[in-house]
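Chains as they are written, first to last, in my numbering: chain A, 5 to 148; chain B, 682 to 1095; chain C, 576 to 762.
Structure, rendered in structure tokens:
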């Protein structure tokens, strides 16, 4: 299928809601010359207002809940949320702790889940590709 | 003083990127007089997941090893290392010598990967994205080696109470030596790129100075403390595992330059030379590896029974890439979980010297000075700046702060 | 002061503190193939002699290294251990010193040591908020790790009624037995 709904490639914004950094360094490794997601046009931006996709990692610590919601609102439509790593999906080993407010989909709606602790860079690229396809589909449906 | 109080203002500057995409939550509140920073306040706690509570109330000691691994994803080996040492001291279990050597080899592999990661991040903070990509590309070689030896890139799961879970056999040695030779061959190039570049010298010399007395009083550990001339290194002072058989010296910057200044440039020197030291340690360990078993007690069910009946306390100290890690464990007879578990990561202590380091610096130097401490597990996200002189409030985001740092570099290059 | 042997250090504590000194022991540990040893000391002092003990440590070593303060809930009292290390800088010569203080639960106060060791501020703040021990004279009284809206009077490390209440905790579906609750009542 032709990816034409976007005039430019996907820009992603990374958000850490209290994770151990394992998933975060694998996300950064995706941009380095070995895996090189930039040749697809995927770029990491520094502000949520420029982003299309939100990459969220980490079990949501209670103190970060309001910030997560605020960032979600700042990203303009059409947008997509990816939960990367087991902590974001279901809490991983930290599920029973007293200081967590639940996995990410209790706070904001999530579209793509990439499991792993941490997921390999190839898995993350696969996840972003699936997200792109889903976003294209929903953009076309929105227009039509 | 009263006149200045009236004109108080707040600039809110999010200082995020110690790691460019790692907007880990820490808050710094800077008090600024014009362009100079006068005081800093550090707020932590946004990554608090209740790990010690989980270990004391939910998991048996073997499950707690895996929680200890996920305390930090970068320094991933040192927390289970000191935890396992503490439990062994408390329960009176001695690991076999071959396990001690394998533990030391995997710990040194992690040190190489962590220092290269830091080198890339520090270069990004100054504005040299090319070096960031170079360092992380070079780092991929060690990640491949870690995957070859332990099975995974990041969370390695090598430790078990009483030994290690996987073996490093003689057939694997040639592959390890091949990677180490690669690093030895590019080490001079890395040194040239980082230490001989004029712009890096201008941005990092005399920036973020920490004097020796301050480092001692504020209990700084790891390469940040060694760069100020304090020769504290757990591998040298109270060696554990295979380090007790080797002679590891704490590295201070006067090895290369002859003087100790205690600034960001010295910290780069210490970390680069430590990579070389790690390569030498791995080679020595491979030569001297004793034969034998891997676990003191191979059956996990029997091990858990022993631990439930054991009573005692133990302290485990290890040298992580960022400094000294200490775990304290107390076991009580008849209790399935740990009775007491206290964890202290090195960044906990290194954050105390942030006000001293940032005093008198410009705002554009905050990213590199803070990143030179190599904070793990909590990094800045939001900075509240109080300016005593001007009277306006404005919000500046991360991109602006990173831009300030990059602009300063461009100015120096002109 | 020049370096003393481990037993000599314990004797110097006994002499210095007199009645405040409760007991001390040396623990030795063998490592790896060459079987080198390193030693650690455990010293217990009474609450009133605590500051004197810390001053004595500062005399033994010019800038002693305080690693962390660990605290345990022992039922009727709370035990704090201050983990110091001295004589660092030389191969195999560092000594770990664990300074033990027991506090009764009806009087959970201890003196601060931030004037002797400025780096102790973080760990004293953490002990205050996590265990409920009040550090007298602490220069900075704020919470360190817990969020500001965490309920007052709830101390996560405690095993008695002041620990986190059940509505703050979750249990994984499929947990075989409620042994965590048994542990709470049994201890």
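The C-beta atom is built at its ideal place from N, Cα and C for all residues, glycine as well.
Inter-residue spacing [alpha-carbon to alpha-carbon] between residue i and residue j
i, j, result
"residue 704 of chain B", "residue 622 of chain C", "Note that residue 704 of chain B has pLDDT 45, beneath the 50 cutoff, so the model's placement of it is unreliable and no number is given."
"residue 960 of chain B", "residue 945 of chain B", "24 Å"
"residue 746 of chain C", "residue 763 of chain B", "28 Å"
"residue 1013 of chain B", "residue 1052 of chain B", "41 Å"
"residue 83 of chain A", "residue 57 of chain A", "6 Å"
"residue 837 of chain B", "residue 139 of chain A", "35 Å"
"residue 120 of chain A", "residue 789 of chain B", "25 Å"
"residue 983 of chain B", "residue 957 of chain B", "41 Å"
"residue 793 of chain B", "residue 823 of chain B", "8 Å"
"residue 1078 of chain B", "residue 595 of chain C", "At residue 1078 of chain B, the pLDDT of 47 sits below 50, so the modelled position is not reliable and the matter cannot be decided from this model."
"residue 1019 of chain B", "residue 64 of chain A", "26 Å"
"residue 18 of chain A", "residue 80 of chain A", "15 Å"
"residue 885 of chain B", "residue 807 of chain B", "9 Å"
"residue 598 of chain C", "residue 590 of chain C", "12 Å"
"residue 741 of chain C", "residue 969 of chain B", "53 Å"
"residue 1064 of chain B", "residue 52 of chain A", "Residue placement at residue 1064 of chain B is poorly supported in this model, since its pLDDT is 40, which falls under 50; the coordinates are not used for a value here."
"residue 967 of chain B", "residue 785 of chain B", "10 Å"
"residue 928 of chain B", "residue 748 of chain B", "32 Å"
"residue 955 of chain B", "residue 614 of chain C", "27 Å"
"residue 689 of chain C", "residue 739 of chain B", "34 Å"
"residue 145 of chain A", "residue 68 of chain A", "34 Å"
Contacts of residue i in chain C (Cβ-Cβ under 7 Å)
i, result
"residue 66 of chain A", "722"
"residue 912 of chain B", "664"
"residue 921 of chain B", "606"
"residue 1096 of chain B", "In the structure as shown, chain B starts at 682 and stops at 1095, and residue 1096 of chain B therefore has no counterpart that could be examined."
Contacts that residue i makes with chain A (C-beta to C-beta distance below 9 Å)
i, result
"residue 747 of chain B", "97"
"residue 743 of chain C", "102, 103"
Chain A contact residues for residue i, given Cβ-Cβ distances below 7 Å
i, result
"residue 747 of chain C", "99, 100"
"residue 729 of chain B", "65, 103"
"residue 753 of chain B", "24, 25"
Residue from the options with nearest C-alpha to residue i
i, options, result
"residue 108 of chain A", "A:102, A:124, A:85, A:130", "A:85"
"residue 809 of chain B", "B:878, B:754, B:761, B:848", "B:878"
"residue 871 of chain B", "B:804, B:781, B:743", "B:804"
"residue 965 of chain B", "B:940, B:840, B:822, B:857", "B:857"
"residue 675 of chain C", "C:734, C:636, C:647, C:657", "C:657"
"residue 1031 of chain B", "B:820, B:905, B:775", "B:905"
"residue 585 of chain C", "C:618, C:666, C:612, C:732", "C:618"
"residue 1040 of chain B", "B:887, B:1027, B:913", "B:887"
"residue 92 of chain A", "A:111, A:126, A:79, A:102", "A:111"
"residue 642 of chain C", "C:660, C:581, C:710", "C:660"
"residue 974 of chain B", "B:756, B:713, B:775", "B:775"
"residue 71 of chain A", "A:127, A:20, A:143, A:25", "A:20"
"residue 733 of chain C", "C:722, C:692, C:653", "C:653"
"residue 893 of chain B", "B:874, B:875, B:913", "B:913"
"residue 821 of chain B", "B:728, B:861, B:847", "B:861"
"residue 682 of chain C", "C:694, C:651, C:705, C:587", "C:651"
Under 7 Å by beta carbon: chain B residues contacting residue i
i, result
"residue 608 of chain C", "778, 926, 971"
"residue 693 of chain C", "898, 899"
"residue 38 of chain A", "818, 821"
Under 9 Å from the C-beta of residue i: neighbouring residues of chain B
i, result
"residue 80 of chain A", "Per Cβ cutoff of 9 Å: no residues; residue 80 of chain A is ~16 Å from chain B at best."
"residue 579 of chain C", "Those do not exist, as residue 579 of chain C stays about 17 Å from chain B at its closest Cβ, beyond 9 Å."
Under 8 Å from the C-beta of residue i: neighbouring residues of chain C
i, result
"residue 734 of chain B", "731, 732, 739"
"residue 1162 of chain B", "Nothing can be reported for residue 1162 of chain B, as the shown portion of chain B is limited to 682 through 1095."
"residue 996 of chain B", "615, 658, 671, 673"
Contact belief for residue i with residue j at Cβ below 8 Å, rounded distance in angstroms
i, j, result
"residue 716 of chain B", "residue 1084 of chain B", "Going by Cβ atoms, the distance from residue 716 of chain B to residue 1084 of chain B rounds to 16 Å, so no, they are not a contact pair."
"residue 23 of chain A", "residue 50 of chain A", "Residue 23 of chain A to residue 50 of chain A, Cβ: 19 Å. No contact."
"residue 735 of chain B", "residue 100 of chain A", "7 Å"
"residue 783 of chain B", "residue 849 of chain B", "5 Å"
"residue 670 of chain C", "residue 633 of chain C", "Incorrect: roughly 15 Å between the Cβ atoms, too far for contact."
"residue 897 of chain B", "residue 638 of chain C", "4 Å"
"residue 66 of chain A", "residue 722 of chain C", "6 Å"
"residue 1005 of chain B", "residue 911 of chain B", "Residue 1005 of chain B to residue 911 of chain B, Cβ: 12 Å. No contact."
Residue i: contacting residues in chain C (beta-carbon distance under 9 Å)
i, result
"residue 1012 of chain B", "Here the premise fails: no neighbours, minimum Cβ distance about 11 Å."
Under 8 Å from the C-beta of residue i: neighbouring residues of chain A
i, result
"residue 836 of chain B", "26, 121, 122"
Contacts that residue i makes with chain D (C-beta to C-beta distance below 7 Å)
i, result
"residue 74 of chain A", "Any reference to chain D falls outside this structure, whose protein chains are A, B and C."
Contacts of residue i in chain B (Cβ-Cβ under 8 Å)
i, result
"residue 647 of chain C", "1011, 1020, 1021"
Quiz prompt | Residues within the segment 99-127 of chain A neighbouring chain B, beta-carbon criterion of under 9 Å | solution = 100, 101, 102, 103, 104, 121, 122, 124, 125
Quiz prompt | Chain-ordered residues of the segment 19-34 of chain A with a beta carbon less than 9 Å from chain B | solution = 19, 20, 21, 22, 23, 24, 25, 26, 27, 28, 29, 30, 31, 32, 33
Practice problem: May I ask you to list, following chain order, the residues of the segment 1016-1044 of chain B that have a beta carbon less than 9 Å from some beta carbon of chain C? | Solution: 1016, 1017, 1018, 1020, 1021, 1022, 1023, 1024, 1025, 1029, 1030, 1032, 1033, 1034
Exercise. Check each residue of the segment 667-688 of chain C: if its Cβ is closer than 9 Å to any Cβ of chain B, include it; give the result in chain order.
Key: 667, 668, 669, 670, 671, 673
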